[in-house]
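First up is the structure itself, then whatever we jot down about it.
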Amino acid sequence: MTSMTEQNDIAAQQHDETNEHHHYAPKGIMRWLLTTNHKDIGTLYLIFAFTMFLVGGAMAMVIRAELFQPGLQLVDPNFFNQMTTVHGLIMVFGAVMPAFTGLANWMIPMMIGAPDMALPRMNNWSFWILPFAFAILLGSLFMEGGGPAFGWTFYAPLSTTYSSDSTALFVFSVHIMGISSIMGAINVIVTIVNLRAPDMSWMKLPLFVWTWLITAFLLIAVMPVLAGVVTMVLTDKYFGTSFFDAAGGGDPVMFQHIFWFFGHPEVYIMILPSFGIVSAIIPAFARKPLFGYASMVYATASIAGLSFIVWAHHMFTTGMPLFGELFFMYCTMLIAVPTGVKVFNWVATMWRGAMTFEVPMLFALAFVVLFTIGGFSGLMLAITPVDFQYHDTYFVVAHFHYVLVTGAIFSIYAAAYYWLPKWTGHMFNEFWAKMHFWCSLVSVNVLFFPMHFLGLAGMPRRIPDYALQFADVNQIVSIGGFAFGLSQLLFVVVVVKAARGGEKAAAKPWEGAEGLEWTVPSPAPYHTFETPPAVK
Amino acid sequence: MSQQYQKYYVPAQSGWPIIGAVALFLIAVGAGTAVQQMNQGGGYGQWLLLAGATLLIIMLIGWFGNVIHESMTGLYSEQMDRSFRQGMSWFIFSEVMFFAAFFGALFYARMLAVPWLGGADNNEMTHALLWPEFSAHWPLVSMPDGGETQAMGWHGLPLYNTIILLISSVTLHLAHVSLEQGKRTALTAWLFLTIVLGIAFLFLQVEEYVHAYVEMGLTLDAGIYGNTFFLLTGFHGMHVTLGTIILIVLFGRVLKGHFTGDQHFAFMAGSWYWHFVDVVWLCLFVFVYVI
Ligand code: HEM
Ligand SMILES: [Cu+2]
Numbered sequence: 001m002t003s004m005t006e007q008n009d010i011a012a013q014q015h016d017e018t019n020e021h022h023h024y025a026p027k028g029i030m031r032w033l034l035t036t037n038h039k040d041i042g043t044l045y046l047i048f049a050f051t052m053f054l055v056g057g058a059m060a061m062v063i064r065a066e067l068f069q070p071g072l073q074l075v076d077p078n079f080f081n082q083m084t085t086v087h088g089l090i091m092v093f094g095a096v097m098p099a100f101t102g103l104a105n106w107m108i109p110m111m112i113g114a115p116d117m118a119l120p121r122m123n124n125w126s127f128w129i130l131p132f133a134f135a136i137l138l139g140s141l142f143m144e145g146g147g148p149a150f151g152w153t154f155y156a157p158l159s160t161t162y163s164s165d166s167t168a169l170f171v172f173s174v175h176i177m178g179i180s181s182i183m184g185a186i187n188v189i190v191t192i193v194n195l196r197a198p199d200m201s202w203m204k205l206p207l208f209v210w211t212w213l214i215t216a217f218l219l220i221a222v223m224p225v226l227a228g229v230v231t232m233v234l235t236d237k238y239f240g241t242s243f244f245d246a247a248g249g250g251d252p253v254m255f256q257h258i259f260w261f262f263g264h265p266e267v268y269i270m271i272l273p274s275f276g277i278v279s280a281i282i283p284a285f286a287r288k289p290l291f292g293y294a295s296m297v298y299a300t301a302s303i304a305g306l307s308f309i310v311w312a313h314h315m316f317t318t319g320m321p322l323f324g325e326l327f328f329m330y331c332t333m334l335i336a337v338p339t340g341v342k343v344f345n346w347v348a349t350m351w352r353g354a355m356t357f358e359v360p361m362l363f364a365l366a367f368v369v370l371f372t373i374g375g376f377s378g379l380m381l382a383i384t385p386v387d388f389q390y391h392d393t394y395f396v397v398a399h400f401h402y403v404l405v406t407g408a409i410f411s412i413y414a415a416a417y418y419w420l421p422k423w424t425g426h427m428f429n430e431f432w433a434k435m436h437f438w439c440s441l442v443s444v445n446v447l448f449f450p451m452h453f454l455g456l457a458g459m460p461r462r463i464p465d466y467a468l469q470f471a472d473v474n475q476i477v478s479i480g481g482f483a484f485g486l487s488q489l490l491f492v493v494v495v496v497k498a499a500r501g502g503e504k505a506a507a508k509p510w511e512g513a514e515g516l517e518w519t520v521p522s523p524a525p526y527h528t529f530e531t532p533p534a535v536k
Numbered sequence: 001m002s003q004q005y006q007k008y009y010v011p012a013q014s015g016w017p018i019i020g021a022v023a024l025f026l027i028a029v030g031a032g033t034a035v036q037q038m039n040q041g042g043g044y045g046q047w048l049l050l051a052g053a054t055l056l057i058i059m060l061i062g063w064f065g066n067v068i069h070e071s072m073t074g075l076y077s078e079q080m081d082r083s084f085r086q087g088m089s090w091f092i093f094s095e096v097m098f099f100a101a102f103f104g105a106l107f108y109a110r111m112l113a114v115p116w117l118g119g120a121d122n123n124e125m126t127h128a129l130l131w132p133e134f135s136a137h138w139p140l141v142s143m144p145d146g147g148e149t150q151a152m153g154w155h156g157l158p159l160y161n162t163i164i165l166l167i168s169s170v171t172l173h174l175a176h177v178s179l180e181q182g183k184r185t186a187l188t189a190w191l192f193l194t195i196v197l198g199i200a201f202l203f204l205q206v207e208e209y210v211h212a213y214v215e216m217g218l219t220l221d222a223g224i225y226g227n228t229f230f231l232l233t234g235f236h237g238m239h240v241t242l243g244t245i246i247l248i249v250l251f252g253r254v255l256k257g258h259f260t261g262d263q264h265f266a267f268m269a270g271s272w273y274w275h276f277v278d279v280v281w282l283c284l285f286v287f288v289y290v291i
């Protein structure tokens, strides 16, 4: 076995042989403002996403502090509503989605042997409009009457008749987020379709690339619908239209249909890339090829297809015609089939594998178990008659936090630990990373698992006060929440340490890892694959 | 991929995107505040909006200027051209979905919301308790709350506009064919004609709006019929405006001798866009005006 430095030298040498020598990287702030480099832009996305995660997390701390006891103590109800709303918006559009886009930027060109993203200048634009969009959204909190307080789903008439003056700013900031996502998605698709190394055939694509391709398609299909529906909110509120007002022949339920036509594919946008990440990490640490590669691809595609015809499972209690209730119930349940295929394949990959439990693998394993819990509670919610009980309770909150926090966020952590050596050139501190994992794992379950019971017992969501019988469980939940929030700071420690120094990482620091990204040195040079590599 | 690999051009740093980001920021803040200040008369919002729009135009000129320069100096490979084409197709797909949201609203209101308010299916109580006087019909010219308006017929202006846009699609196609065959004079003529037709369409559209507002009482806030009518035709009109501007820019470039028979991505993209806008109009004509 070659030593690590030797391995890196060989990779560097091979790299130099096939690439021209202009590995200069511009310096200073201008490097980041003007960059067209996919790695720089990936880094920007990731840093931005994590910053937003902390901001959104701080709002969650406010929410949990208020809910620590029954009664109103810390914040007034209107501010509480702004916190839940902006927390949701930030986590969805500011943390999870940009983090995935950052990973896509960093990894997709390296995984398919491309020199960069297909449209590098547009790539810069997609990123830099995001901080502005969130500056507007956060700024609106400080305006007279406050910011958005109608939930991240901005149902009419809460967002029209009853919303604060600053709603127009919310609308335009969502427009910018949409533009950013659409441009990012176009870039991803074109890169994958057009810039693969000559021998990288479709069925050789790493699953992260496949899942992102399908995610990008979903993004281009539904972000414009979101833009459409916020525009109708804008005209209803400010220009006298009555799209969502029955007095003029419209219908507030119509808002929900259009919103969830975007919204349900959106939740898959936030989980499909996770599937790709986990499908890369589990084989690497089980030292076995992924079980059922082709079925993974087809399962992803069918989940994406089905996601367009299940939206009204969010609206079972709105009084839809019976046919609608049944149709959306059965279609939703159907999604469990391809999802089940995936979970089965991950488990089968580990079956009799030579497993080791480095930090990326720990997060990936936690993902498999906990995401599955979220999937099961989703199935329960999909049963129309029982959803009448669960709807708008803490059970729903538990469900989507299992799929989003222990699903999407855990997979993002898994990816970050998996590729951190490639990004920084250093191994991270194993001890603190494990601390981060175990603290998060325990606290996240203390935080979200009891919410299931709160919901089943009837505690409504989006409420600053509650009946006395929920007090004890809420206290436990809040303690879990504070612990989870604090644990995330450990991640900052690990990343900063790894960026500053530490043990040098080999070109391929994980023994069982596969893929082109491991053939370039660590840290990856500023430009990789200016001429395409050979693919086995 | 079986084809031969070509060296892919990765542009060095560029200042235009960050300028564009600032421009969008100004537009969003400007539009957001202008809308809020609308009823108070005046305010700084509109000026921010104007500044943002100006900056965006400067950015577009600069950015496209760079791209055109790179393209003219032969930096672009066939692979690069494919990236552009695919990018443009997906952009148009996103536009299709944007219009789909508004068409969805139109269909939902017309097939479900309005009939239900009139008591259809099992909604008798809704009808009886909310607006018992209301009777459902489409176009919705008497609203549940008692508002009245008139429906726009499809004869006259809308029909002329349909014919104009259809012809403009043909003339643009002929311009494209002429370009590919290297007939520059024919290209210039057909393209010019297309632009004239585009402007004529916009002119008649304004005429129609004035007629609707002044004589018919059909306004943006005139119930769900007026809402869908103006949002759909309005967004379409904005797209025709943009398309016409694109065609004018292309016309300028043609006069300067840009584009060759086999290298003319920008022309291609502009013409795709125009055909797309045309198809949207056809759907509009059928679903908003005729049926
Ligand atoms: C097996 C797959 C899944 C099923 C069957 C399912 C089902 C459902 C149902 C029926 C609801 C509506 C509950 C209600 O409001 O009464 C819901 C809510 C939700 N789900 Fe899922 N889900 C699944 C997976 C996911 C995934 C993968 C995500 C995101 C990564 C997700 C995110 C959400 C969110 C955010 C909400 C709440 C939306 C809101 O009202 O604010 N779900 N799910
Ligand atoms: Cu859903």
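Residue numbers (UniProt numbering), protein chains in the order written: chain U, 1 to 536; chain H, 1 to 291.
Glycine included, every Cβ here is placed at the ideal spot set by N, Cα and C.
Keep in mind it's a predicted model, so treat the numbers as computed, not measured.
Show which residues of chain U have a CB atom less than 9 angstroms away from the CB atom of residue i.
i	result
A109/H	F243, G249, G250, D251 and M254
L220/H	T235, F239, G240 and T241
Could you tell me which residues DSSP puts in a beta bridge with residue i?
i	result
Q263/H	T260/H
P132/H	DSSP output for P132/H lists no bridge partner at all.
E148/H	S142/H
K204/U	Answer by DSSP bridge pairing: none, since K204/U is not bridged.
In angstroms, rounded to a whole number, what distance separates the CA positions of residue i and residue j?
i	j	result
M380/U	M223/U	28 angstroms
P521/U	L130/U	31 angstroms
E78/H	K7/H	10 angstroms
T160/U	I224/H	16 angstroms
G261/H	L172/H	15 angstroms
G250/U	R110/H	9 angstroms
M59/U	T528/U	40 angstroms
L24/H	A34/H	15 angstroms
V171/U	N37/U	31 angstroms
T188/H	F267/H	12 angstroms
M459/U	F395/U	9 angstroms
A304/U	A216/U	11 angstroms
S201/U	I277/U	20 angstroms
I412/U	G42/U	13 angstroms
A168/U	A534/U	52 angstroms
L130/H	A246/U	9 angstroms
G292/U	A513/U	17 angstroms
F323/U	Y330/U	11 angstroms
Residue i versus chain U: which residues are under 8 angstroms apart at the beta carbon?
i	result
M38/H	Y238
I248/H	Neighbours of I248/H on chain U: none; closest Cβ ~23 angstroms, over 8 angstroms.
Residues of chain H with a CB under 8 angstroms from the CB of residue i: which are they?
i	result
P109/U	Result: empty, since nearest Cβ-Cβ is about 10 angstroms, beyond 8 angstroms.
H175/U	A28
Taking only beta-carbon atoms, is residue i less than 9 angstroms away from chain H?
i	result
L326/U	no
N345/U	no
P224/U	yes
E266/U	no
P321/U	yes
N445/U	no
What in chain H is Cβ-close to residue i, meaning under 7 angstroms?
i	result
G228/U	F98, A101 and F102
A128/U	Looking at the sequence itself, residue 128/U is Trp, so the reference to Ala does not match. In chain order: P17, I18 and A21.
P120/U	V10 and P11
Taking CB distances under 9 angstroms as the criterion, tell me whether residue i reaches chain U.
i	result
Q46/H	no
T33/H	yes
Q79/H	yes
K7/H	yes
S135/H	no
Using a Cβ-Cβ cut-off of less than 7 angstroms, give me the residues of the region 83-94 of chain H that come near chain U, in sequence order.
Here the close residues are S83, Q86, G87, W90, F91, F93 and S94.
| Listed from N- to C-terminal order along the chain, which residues in the region 23-45 of chain U have their beta-carbon within a distance smaller than 7 angstroms of any beta-carbon of chain H? | P26, L33, L34, T35 and T36
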